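Data block below; observations after.
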């Protein structure tokens with residue numbers, strides 16, 4: 412029997428994260444990273460807080476953060492392997508990449524669960 | 008007396024030249040590839056920025072205003088601008104690959120790549136519009 416590997420699952424997360432990142436991140440970053448801080452658009456923070464009350468909004472944000480983090484972790488891991496030719500460090504790299512993604516996801520879950 | 012020759016499947020290790028760590032600087036296409044892969048770092052930054060924003064929003068008007076003031080700092084704005092470029096670059100290259108990755112057949116004939124690309128771009132535009140409407144309206 413073939414040795415069971417985690418790679419297919421990790422690749423699926425990478426793929427899902429990539430699709431969601433491609434669809435959602437440009438508009439999110441344009442709005443929240445540039446236009447709103449610069450004041451070119453100014454939705455009321457009460458309105459935004461109201462949006463956050465909806466459980467679907469929190470679920471969407473969690474899915475976005477979780478999948479985007481694992482997409483980035485998977486891609487960054489292979490960038491380090493192929494880009495810097497350090498595949499021999501793969502245990503360290505894997506722990507660092509997916510561990511970081513897991514920690515970020517835990518932070519996202521904690522925040523989105525606990526904020527009023 | 009010399010040993011008799013025994014032929015085996017074994018072959019001594021093939022010679023492989025060591026790849027330089029700087030191989031990606033040797034050609035424009037390699038550099039663009041590495042830049043595409045590095046977009047992953049900016050995606051991770053986006054997640055951090057979003058979570059900081061959600062936390063600031065939960066801290067009331069003052070917390071939100073403090074966050075906006077921080078986000079207005081030139082360095083943060085520059086980081087977000089660069090991130091936007093990389094995020095759009097990721098999206099563009101991702102959708103360009105979609106026709107290769109998604110093989111759809113209608114009535115036995117393969118759907119042309121052009122339509123898969125258009126469908127993905129339409130989904131991108133529609134999704135962006137939806138988010139913008141929800142946030143701004």
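Residue numbers (the working numbering), protein chains in the order written: chain A, 412 to 527; chain B, 8 to 144.
Cβ atoms here follow ideal geometry from the backbone N, Cα and C, with glycine treated the same way.
Computed from a predicted model, the values in this text were never measured in an experiment.
| field | Rounded straight-line distance, which links the Cα of residue 482 of chain A to that of residue 30 of chain B | value | Against the second chain, residue 30 of chain B aligns to sequence position 23. Against the first chain, residue 482 of chain A aligns to sequence position 71. The alpha-carbon atoms of residue 30 of chain B and residue 482 of chain A are separated by roughly 24 Å.
| said: To the nearest angstrom, how far is the alpha carbon of residue 442 of chain A from that of residue 433 of chain A? | reply: Within the first chain, numbered from 1, the residue matching residue 442 of chain A stands at position 31. Within the first chain, numbered from 1, the residue matching residue 433 of chain A stands at position 22. Their Cα atoms are separated by approximately 15 Å.
| Cβ contact (3+ pairs, closer than 8 Å) linking the stretch 98 to 109 of chain B and the stretch 67 to 78 of chain B | no
| Counterpart residues of residue 117 of chain B in DSSP-defined beta bridges | For this step, residue 117 of chain B is matched to residue 110 along the second chain. For residue 117 of chain B, the beta-bridge partners assigned by DSSP are B:112.
| query | Measuring CA to CA, which of A:415, A:495, A:421 is closest to residue 484 of chain A? | reply | For the purposes of this step, residue 484 of chain A is taken as residue 73 along the first chain, with counting starting at 1. The shortest C-alpha separation from residue 484 of chain A is found at A:421.
| request: Would you check if the stretch 498 to 508 of chain A and the stretch 443 to 454 of chain A touch, i.e. whether three or more CB-CB distances between them fall below 8 Å? | output: no
| field | Secondary structure, beta strand (DSSP E): runs of 3+ residues fully inside the stretch 58 to 95 of chain B | value | none
| query | What first and last residue would you give for the alpha helix (DSSP H) that runs through residue 525 of chain A? | reply | Working through the first chain from its first residue, we reach residue 525 of chain A at position 114. From DSSP, the alpha helix (DSSP H) with residue 525 of chain A extends over 501 to 525.
| task | Give the secondary structure of residue 417 of chain A by DSSP, where H, G and I count as helix, E and B as strand, and everything else as coil. | result | The count along the first chain starts at 1 and reaches residue 417 of chain A at position 6. Note: residue 417 of chain A maps to coil in three-state DSSP.
| field | C-alpha distance - residue 56 of chain B paired with residue 95 of chain B, whole-angstrom precision | value | Your numbering for residue 56 of chain B matches position 49 in the second chain. Your numbering for residue 95 of chain B matches position 88 in the second chain. Residue 56 of chain B and residue 95 of chain B have their C-alpha atoms roughly 17 Å apart.
| query | In three-state terms, what does DSSP make of residue 447 of chain A? | reply | Counted from its first residue, the first chain places residue 447 of chain A at position 36. In the three-state reduction of the DSSP assignment, residue 447 of chain A falls in the coil class.
| Between which two residues does the alpha helix (DSSP H) harbouring residue 488 of chain A extend? | Taking the first residue of the first chain as position 1, residue 488 of chain A is located at position 77. Unbroken alpha helix (DSSP H) run through residue 488 of chain A: 466 to 495.
| task | Measure the CB-CB distance between residue 47 of chain B and residue 487 of chain A and report whether it falls below 8 Å. | result | As a first step, residue 47 of chain B must be located in the second chain, where it is residue number 40. As a first step, residue 487 of chain A must be located in the first chain, where it is residue number 76. For residue 47 of chain B and residue 487 of chain A, yes; Cβs fall inside 8 Å.
| Where residue 472 of chain A and residue 517 of chain A are concerned, what is the direct C-alpha to C-alpha distance, given to the nearest angstrom? | Start at 1 with the first residue of the first chain, and residue 472 of chain A comes out as number 61. Start at 1 with the first residue of the first chain, and residue 517 of chain A comes out as number 106. If I take the Cα positions, the gap works out to 13 Å.
| With distances taken between CB atoms, is the gap from residue 58 of chain B to residue 522 of chain A smaller than 8 Å? | Along the second chain, read from residue 1 onward, the residue named residue 58 of chain B stands at position 51. Along the first chain, read from residue 1 onward, the residue named residue 522 of chain A stands at position 111. Result yes, Cβ atoms of residue 58 of chain B and residue 522 of chain A sit closer than 8 Å.
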